[in-house]
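Taking the numbering used here, the leading residue of the sequence shown gets 66, the next gets one more, and so forth. Just below is one structure, and these are the notes that go with it.
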Amino acid sequence: MNKEQALRILKLLSGLEMYVFMQSNVPDHHTDELIKIIGDLTDIVLEGGNE
66 MNKEQALRIL KLLSGLEMYV FMQSNVPDHH TDELIKIIGD LTDIVLEGGN E
(Lines of atoms letter the chains of each structure in order from A and count residues from 1; the text may use other names and numbers.)
(Lines give C-alpha, C1' and ligand atoms only; values in the text may rest on other atoms or scores of the structure.)
Protein backbone atom coordinates (compact mmCIF):
# COMPACT_ATOMS: atom_id res chain seq x y z
CA MET A 1 0.00 0.00 0.00
CA ASN A 2 1.41 3.38 -0.90
CA LYS A 3 1.11 6.66 0.97
CA GLU A 4 -1.74 7.99 -1.18
CA GLN A 5 -3.85 4.85 -0.73
CA ALA A 6 -3.25 4.85 3.02
CA LEU A 7 -4.19 8.53 3.29
CA ARG A 8 -7.40 7.98 1.35
CA ILE A 9 -8.44 5.06 3.56
CA LEU A 10 -7.39 6.98 6.68
CA LYS A 11 -9.68 9.87 5.76
CA LEU A 12 -12.62 7.50 5.30
CA LEU A 13 -11.95 5.67 8.55
CA SER A 14 -11.55 8.90 10.49
CA GLY A 15 -15.09 9.88 9.53
CA LEU A 16 -16.31 6.43 10.47
CA GLU A 17 -14.47 6.61 13.79
CA MET A 18 -16.42 9.70 14.86
CA TYR A 19 -19.69 7.95 14.05
CA VAL A 20 -18.70 4.70 15.80
CA PHE A 21 -17.63 6.43 19.02
CA MET A 22 -20.94 8.30 19.19
CA GLN A 23 -22.78 4.96 19.38
CA SER A 24 -23.36 3.31 22.73
CA ASN A 25 -23.65 -0.34 21.72
CA VAL A 26 -20.41 -0.88 19.78
CA PRO A 27 -18.34 -3.75 21.25
CA ASP A 28 -14.95 -2.74 22.61
CA HIS A 29 -13.07 -5.08 20.27
CA HIS A 30 -14.52 -3.21 17.27
CA THR A 31 -13.44 0.18 18.56
CA ASP A 32 -10.02 -1.20 19.56
CA GLU A 33 -9.50 -2.65 16.07
CA LEU A 34 -10.58 0.61 14.43
CA ILE A 35 -8.10 2.56 16.57
CA LYS A 36 -5.32 0.09 15.67
CA ILE A 37 -6.01 0.29 11.95
CA ILE A 38 -6.12 4.09 12.04
CA GLY A 39 -2.80 4.07 13.89
CA ASP A 40 -1.24 1.69 11.35
CA LEU A 41 -2.44 3.81 8.43
CA THR A 42 -1.17 6.96 10.12
CA ASP A 43 2.26 5.34 10.44
CA ILE A 44 2.24 4.46 6.73
CA VAL A 45 1.29 8.02 5.78
CA LEU A 46 3.90 9.61 8.05
CA GLU A 47 6.68 7.20 7.04
CA GLY A 48 5.89 7.40 3.34
CA GLY A 49 4.62 3.84 2.88
CA ASN A 50 5.97 1.51 0.20
CA GLU A 51 6.72 4.09 -2.42
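Don't be surprised by glycine CBs; every beta carbon is placed ideally from N, CA and C.
{"Query": "Do the CB positions of Ile100 and Glu112 come within less than 9 Å of each other?", "Result": "no"}
{"Query": "Note the first and the last residue of the continuous alpha helix (DSSP H) segment covering Val110.", "Result": "Asp93 to Glu112"}
{"Query": "Measuring only the C-alpha atoms, how far is Leu75 from Thr96?", "Result": "15 Å"}
{"Query": "Can you have a look at Val110 and say buried or exposed, based on whether 16 or more other CB atoms are within 10 angstroms of its CB?", "Result": "buried"}
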